[in-house]
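Since the structure comes first, as structure tokens, the remarks are kept for the end.
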Amino acid sequence: MVNLSAIILRYKKIENKREFKMPLNIGKFPLLSFLGVLSSVIMIFYLEVKAVVIGSLILLFGILILLMFRKTKK
């Protein structure tokens, strides 16, 4: 998630000042973040189905909690 977020934010929030510069960029594209996303996707195929399901449920639960807290702050 962090690696994918770094790629998305690089293009969505162009005006933001970047305090940390990632090495190994191709133009504006962060190569290390892409390799992180790619390795995570590949790893899914080598994990047991039970581990992928449990991890996905934990991720969805975290997203639900985030959405609940966002609504209460507004």
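For the sequence shown, the working numbering begins at 1 and goes up steadily by one. Backbone N, C-alpha and C fix where the C-beta goes; we use that ideal spot for every residue, glycine too. These numbers come from a predicted model, not from an experiment.
Would you check if the distance between the CB atom of residue i and the CB atom of residue j is smaller than 8 Å?
{"i": "P23", "j": "I7", "result": "no"}
{"i": "G36", "j": "N3", "result": "yes"}
{"i": "V53", "j": "I44", "result": "no"}
For residue i, report the span of its alpha helix (DSSP H) as first-last.
{"i": "M68", "result": "V49 to K73"}
{"i": "I8", "result": "V2 to K12"}
Count the other CB atoms, across all protein chains shown, that sit within 10 Å of the CB of residue i; report buried if there are 16 or more and exposed otherwise.
{"i": "S33", "result": "buried"}
Using a Cβ-Cβ cutoff of less than 6 Å, which residues in the same chain neighbour residue i once the five nearest sequence positions on both sides are dropped?
{"i": "K13", "result": "none"}
| task | Report the residue ranges of all alpha helix (DSSP H) runs contained in full by the segment 21 to 46; include only those spanning at least 4 residues, in chain order. | result | If we require 4 residues or more, the alpha helix (DSSP H) runs fully inside the segment 21 to 46 come out as 31 to 46.
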